[in-house]
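Novice: Let me give you the structure first, and then I'll get to my questions.
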Amino acid sequence: MTGHLKSWPIVLALSILSAPLVLMYVYLFIDTFTNAPPGSFIPNEFTLEHWTFLWHTPPGRLSIWRVTLNSLMFATSTATLVVVVSSMAGYVLSRLNVPARGFFLAGVMVLHAFPAITLIVAIFLVLQIVGLYNTLIGVILVKAAIDMPLGIWLMKGFYDTVPWEIEMAGIQDGASRFTVWRKLVLPQVKPGIFALGLFAFLLGWGEFILPQVLAPSGNAQVLSVYLAALIADDNNFDMALFKSVGLFYIAPVLILFFFFQSYLMNIYGGGSKG
Amino acid sequence: MNASRDIAQDGSAPFKARAVPARRSLGWLNSSKGLGIVLLMPALMLVVLFFLAPVVLTAVFAFTNMSTATGITGGAYQVSPGTLRVLSDRYGMGELAERLGQPTYIVDEEGLAALEEMGIEPGIIAGLRDDHLGETYSSRREFEREIRDLPDRPSTRTVKQISAEFSRSLANARFRNAGALVAAAEAIDPDLGDAEKDALLDATYTGWTWTTDNFRRLASSPQTTRVLLNTVFFVALTLTLFNTGFAMLLAITTHYIPERPAGIFRIIWFLPRISPAVIYVLLWKWLAWDTGFISAFLDNFGVRPRNWMLGSATNAWVFVILINGFVGASMGMVIFASAIKAIPQSLFHAASVDGAYRWQQVRHIILPHLKWPILFVTCYQTLSLLTAIDHILLSTDGGPGGATEVWSLWVYHTALNNYAGNLQYGYGAAMALVLVIIGVVLSLIYLRLFNYNALIIKPRIEH
Numbered sequence: 028m029t030g031h032l033k034s035w036p037i038v039l040a041l042s043i044l045s046a047p048l049v050l051m052y053v054y055l056f057i058d059t060f061t062n063a064p065p066g067s068f069i070p071n072e073f074t075l076e077h078w079t080f081l082w083h084t085p086p087g088r089l090s091i092w093r094v095t096l097n098s099l100m101f102a103t104s105t106a107t108l109v110v111v112v113s114s115m116a117g118y119v120l121s122r123l124n125v126p127a128r129g130f131f132l133a134g135v136m137v138l139h140a141f142p143a144i145t146l147i148v149a150i151f152l153v154l155q156i157v158g159l160y161n162t163l164i165g166v167i168l169v170k171a172a173i174d175m176p177l178g179i180w181l182m183k184g185f186y187d188t189v190p191w192e193i194e195m196a197g198i199q200d201g202a203s204r205f206t207v208w209r210k211l212v213l214p215q216v217k218p219g220i221f222a223l224g225l226f227a228f229l230l231g232w233g234e235f236i237l238p239q240v241l242a243p244s245g246n247a248q249v250l251s252v253y254l255a256a257l258i259a260d261d262n263n264f265d266m267a268l269f270k271s272v273g274l275f276y277i278a279p280v281l282i283l284f285f286f287f288q289s290y291l292m293n294i295y296g297g298g299s300k301g
Numbered sequence: 519m520n521a522s523r524d525i526a527q528d529g530s531a532p533f534k535a536r537a538v539p540a541r542r543s544l545g546w547l548n549s550s551k552g553l554g555i556v557l558l559m560p561a562l563m564l565v566v567l568f569f570l571a572p573v574v575l576t577a578v579f580a581f582t583n584m585s586t587a588t589g590i591t592g593g594a595y596q597v598s599p600g601t602l603r604v605l606s607d608r609y610g611m612g613e614l615a616e617r618l619g620q621p622t623y624i625v626d627e628e629g630l631a632a633l634e635e636m637g638i639e640p641g642i643i644a645g646l647r648d649d650h651l652g653e654t655y656s657s658r659r660e661f662e663r664e665i666r667d668l669p670d671r672p673s674t675r676t677v678k679q680i681s682a683e684f685s686r687s688l689a690n691a692r693f694r695n696a697g698a699l700v701a702a703a704e705a706i707d708p709d710l711g712d713a714e715k716d717a718l719l720d721a722t723y724t725g726w727t728w729t730t731d732n733f734r735r736l737a738s739s740p741q742t743t744r745v746l747l748n749t750v751f752f753v754a755l756t757l758t759l760f761n762t763g764f765a766m767l768l769a770i771t772t773h774y775i776p777e778r779p780a781g782i783f784r785i786i787w788f789l790p791r792i793s794p795a796v797i798y799v800l801l802w803k804w805l806a807w808d809t810g811f812i813s814a815f816l817d818n819f820g821v822r823p824r825n826w827m828l829g830s831a832t833n834a835w836v837f838v839i840l841i842n843g844f845v846g847a848s849m850g851m852v853i854f855a856s857a858i859k860a861i862p863q864s865l866f867h868a869a870s871v872d873g874a875y876r877w878q879q880v881r882h883i884i885l886p887h888l889k890w891p892i893l894f895v896t897c898y899q900t901l902s903l904l905t906a907i908d909h910i911l912l913s914t915d916g917g918p919g920g921a922t923e924v925w926s927l928w929v930y931h932t933a934l935n936n937y938a939g940n941l942q943y944g945y946g947a948a949m950a951l952v953l954v955i956i957g958v959v960l961s962l963i964y965l966r967l968f969n970y971n972a973l974i975i976k977p978r979i980e981h
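If you read the protein sequences in the order shown, they are chains D and U. If you count the first sequence from 1, you need to add 27 to reach my numbering. If you count the second sequence from 1, you need to add 518 to reach my numbering.
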């Protein structure tokens with residue numbers, strides 16, 4: 028289609044535009060493993076000193092492993108909750124004859140577009156009143172609820188592609204609607220469940236503002252809040268340390284993205300916030 | 519979507535399920551309606567708890583003066599020099615305030631019981647009860663003289679102990695509820711009027727109360743206009759320059775280069791979106807800090823190192839828009855790229871044969887096909903940007919000097935986190951309510967933009 032048109036000028040222009048981004052991410056790796064003389068950005072020695080945070084916990088901070096465990100629990104719990112709730116509700120909206128189905132479907136679309144972060148003041152106060160402030164359970168529930176409309180929407184799309192014949196055959200054989208869903212339809216949407224789970228996990232892993240507001244301190248701290256607190260501490264400015272913690276934090280994201288980019292690009296493009 | 523619509527319209531007769539003698543206990547799981555309601559329940563509960571209730575509560579909280587000072591769950595009644603001043607200044611009850619504020623000594627059974635517990639000689643207690651029960655003294659000296667005159671003649675130390683037990687002053691006293699305060703006040707001044715009681719309760723209450731002041735304050739504050747303009751500026755510029763403009767540029771340019779480099783560029787431009795906000799903004803800080811890359815690089819050309827991100831309001835805006843724009847561009851890029859891919863190849867071939875330049879192809883083939891995707895992205899990203907907070911909070915935090923403070927960040931600084939430590943929940947809720955209303959309206963418009971009826975497939979199993 029491009030035929031007689033050359034593409035190298037475009038590649039060159041795009042390369043120049045992308046240079047700052049590439050520079051930032053390349054130096055994220057370089058700076059954590061090397062030292063450079065002051066005022067220069069060309070490293071002159073290899074070092075692991077910026078990674079001592081892995082086994083040495085500074086006073087007044089949680090151990091990095093504890094924080095990582097929190098992040099892991101936060102991300103997996105929200106992902107599980109989103110997947111379970113969405114795979115149930117998505118099936119109803121795709122297939123079942125419930126009253127006001129159109130209304131529910133419209134509701135999901137509105138909720139999907141609605142910026143739930145505006146509700147954070149009310150949610151903050153409610154969690155304080157019911158005693159879930161500064162707990163992981165509180166943030167997990169809130170995060171799962173916020174991600175759920177997108178999850179339902181995606182799962183409905185996946186269910187829509189399953190042929191009706193599978194269900195009809197199941198019912199002909201005398202299975203209940205529940206059994207048909209559980210045993211016949213659910214296995215058909217396994218790729219969708221996987222994609223949604225992965226996506227929700229990454230959303231939870233990267234989430235900052237909710238844990239920052241709803242569980243900022245104590246034992247519920249997650250990696251994003253930990254790193255932000257580290258950076259905000261004016262007494263210990265150490266860019267190489269920040270980057271090392273940052274690389275530790277972003278590594279699972281980069282690895283998952285590397286392996287499953289086609290899955291993820293579709294979902295991100297389909298409309299996540301940002 | 520198209521596929522599902524085809525299925526919905528392919529015209530085959532609805533399938534009637536055979537009446538199945540299912541296990542009775544699971545009958546409700548065997549009808550579309552029963553199973554549907556059960557499967558929807560968890561989602562509905564989450565929606566009610568974390569969407570509907572917070573929307574209502576935001577409106578409710580907006581009409582209160584809740585803050586760190588008042589607490590959230592209600593308050594107590596605290597008498598202090600300050601509240602007594604309020605009583606005399608605001609309610610014109612200076613006399614009452616003076617009476618309540620003065621030390622008062624009342625000989626009552628409660629005090630006598632306390633004395634017994636302390637192990638004071640029974641004779642002294644009996645003497646007090648017989649001669650002075652129910653009497654009130656307005657000065658310590660007068661009361662202590664009476665005690666010294668008792669038949670048992672207590673020592674000076676004991677006199678002090680005794681007088682302390684009968685001190686019934688309200689000054690600096692704290693009461694858990696209105697009843698306790700009124701009872702204590704009546705002990706000092708038995709003929710307290712209703713108006714005086716109400717004034718006392720109002721003046722000493724430390725909890726939150728209902729008010730419409732938040733909205734009045736919001737409407738009259740000069741900061742409102744400033745933050746509003748900042749928000750409009752930020753949303754409009756980021757949206758046009760990056761979320762649609764630059765996204766379109768990326769989608770179109772990657773369309774015209776071979777698949778391999780195109781894929782690499784798409785991945786590069788996706789990095790900001792998949793990166794957690796904290797680390798992504800940190801990388802920008804590394805670029806812009808006074809010891810960062812830009813400073814060190816420009817140092818070679820004699821430019822003095824400085825903080826490029828917070829150096830001036832203009833710089834701060836440039837970085838805020840770049841940081842948010844780079845994240846926002848990827849969504850448009852993916853959507854526009856798939857829209858371009860859906861354009862029939864024959865159109866491009868025909869144009870090539872006619873010798874059309876790339877620009878002409880873009881102008882006459884690609885752009886007309888992007889009309890709906892652009893509308894979609896604009897609509898969606900307006901909402902996201904309006905409430906985007908993570909990246910600005912982490913990069914400039916509204917600085918320098920509030921130059922990049924946008925509405926959602928203002929809510930955060932008012933109600934959730936600020937240096938002063940006085941969080942004004944009620945005022946913040948009023949600000950958030952503005953965003954909630956805009957959010958609801960724009961989401962409904964967003965819904966109208968889609969022909970969502972086409973998305974509803976009629977169930978083909980009627981049962």
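We put the CB at the ideal spot given by N, CA and C, even for glycine. None of the values given here were measured: they were computed from a predicted structure.
Just to make sure I have the definition right: I need the residues of chain U whose C-beta is within less than 7 Å of the C-beta of residue 288/D. Which are they?
Specialist: 785
Novice: Could you tell me which chain D residues have their CB closer than 8 Å to the CB of residue 590/U, listed as they occur along the chain?
Specialist: Simply 152, 155 and 156.
Novice: Using a Cβ-Cβ distance under 8 Å, would residue 540/U count as near chain D?
Specialist: Its pLDDT being 45, under 50, residue 540/U is placed unreliably by the model, and nothing is read from it.
Novice: Suppose you measure from the CA of residue 624/U to the CA of residue 645/U; what does that come to, to the nearest Å?
Specialist: 15 Å
Novice: With a CB to CB cut of under 7 Å and the five nearest residues on each side skipped, what residues in its chain are close to residue 700/U?
Specialist: 715
Novice: Hey, does residue 893/U have any beta-carbon neighbour from chain D nearer than 8 Å?
Specialist: no
Novice: When the Cα atoms are used, what is the spatial distance from residue 622/U to residue 633/U?
Specialist: 18 Å
Novice: Taking DSSP as the reference, what is the three-state secondary structure of residue 822/U?
Specialist: coil
Novice: Between residue 112/D and chain U, is there a C-beta pair that is closer than 8 Å?
Specialist: Taking a beta-carbon distance threshold of 8 Å, residue 112/D counts as an interface residue toward chain U.
Novice: Are the C-beta atoms of residue 908/U and some chain D residue less than 8 Å apart?
Specialist: yes
Novice: Going by C-alpha to C-alpha distance, which of 933/U, 900/U, 880/U and 626/U sits closest to residue 959/U?
Specialist: 900/U
Novice: Which partner residues does residue 72/D have in the DSSP bridge list?
Specialist: BP columns for residue 72/D point to 62/D.
Novice: Mind listing the chain D neighbours of residue 947/U? Cutoff is C-beta to C-beta under 9 Å, in chain order.
Specialist: 148, 149 and 152
Novice: Please report the residue range of the alpha helix (DSSP H) in which residue 174/D lies.
Specialist: From DSSP, the alpha helix (DSSP H) with residue 174/D extends over 163-187.
Novice: Where do the N-terminal and C-terminal ends of the alpha helix (DSSP H) with residue 609/U fall, by residue?
Specialist: 599-609
Novice: Please classify residue 234/D: is it buried, with 16 or more other beta-carbons within 10 angstroms of its beta-carbon, or exposed?
Specialist: buried
Novice: Let me confirm a value: residue 554/U is counted as buried when at least 16 other C-beta atoms fall within 10 Å, else exposed. Which label applies?
Specialist: With a threshold of 16 other beta carbon atoms within 10 Å, residue 554/U meets it and is buried.
Novice: Along the chain, where does the alpha helix (DSSP H) containing residue 666/U start, and where does it finish?
Specialist: 658-666
Novice: Would residue 61/D and residue 73/D qualify as a contact pair, given that the criterion is a beta-carbon distance under 8 Å?
Specialist: yes
Novice: So, is residue 864/U buried or exposed, given that buried needs 16 or more other C-beta atoms within 10 angstroms?
Specialist: With fewer than 16 other CB atoms across the displayed protein chains lying within 10 angstroms of its CB, residue 864/U is exposed.
Novice: If you count every other CB in all the chains shown that lies within 10 Å of the CB of residue 183/D, and 16 or more means buried, which is it?
Specialist: buried
Novice: Identify every residue that forms a DSSP beta bridge with residue 728/U.
Specialist: 582/U
Novice: Under a CB-based cut-off of 8 Å, is residue 51/D close to chain U?
Specialist: For residue 51/D, a Cβ of chain U is located within less than 8 Å of the residue's own Cβ.
Novice: Measuring only the C-alpha atoms, how far is residue 637/U from residue 938/U?
Specialist: 49 Å
Novice: Counting only beta-carbon separations shorter than 8 Å, does residue 204/D have a partner in chain U?
Specialist: yes
Novice: Starting from residue 957/U, find everything on chain D with Cβ-Cβ shorter than 7 Å and list it in chain order.
Specialist: 141, 142 and 145
Novice: Can you tell me whether residue 541/U is helix, strand or coil according to DSSP?
Specialist: Low local confidence applies: a pLDDT of 48 at residue 541/U is under 50, so the model's placement there is unreliable, and no value is given.
Novice: For the segment 141-161 of chain D against the segment 83-98 of chain D, do three or more pairs of beta-carbon atoms, one drawn from each stretch, fall closer than 8 Å, so that the two count as touching?
Specialist: no
Novice: Could you name the residues of the same chain whose beta carbon sits closer than 8 Å to that of residue 953/U, not counting the 5 residues immediately before and after it, in chain order?
Specialist: Sequence-distant Cβ neighbours of residue 953/U in its own chain, meaning closer than 8 Å and more than five residues away, are 904, 905, 925, 926 and 929.
Novice: Pull the bridge partners of residue 685/U from the DSSP assignment, please.
Specialist: 623/U
Novice: I want to verify the contact list: residues of chain D whose CB lies under 9 Å from the CB of residue 937/U, in sequence order.
Specialist: Per Cβ cutoff of 9 Å: no residues; residue 937/U is ~12 Å from chain D at best.
Novice: Helix, strand or coil for residue 84/D? Go by DSSP, reduced to three states.
Specialist: coil
Novice: If we count the other Cβ atoms within 10 Å of its Cβ and call it buried at 16 or more, is residue 642/U buried or exposed?
Specialist: buried
Novice: In chain U, which residues lie less than 7 Å from residue 34/D when you measure between Cβ atoms?
Specialist: 774, 775 and 776
Novice: Suppose you measure from the CA of residue 137/D to the CA of residue 239/D; what does that come to, to the nearest Å?
Specialist: Looking at the two C-alpha atoms, the distance is approximately 26 Å.
Novice: Pull up the distance between the alpha-carbon of residue 124/D and that of residue 229/D, whole angstroms please.
Specialist: 34 Å
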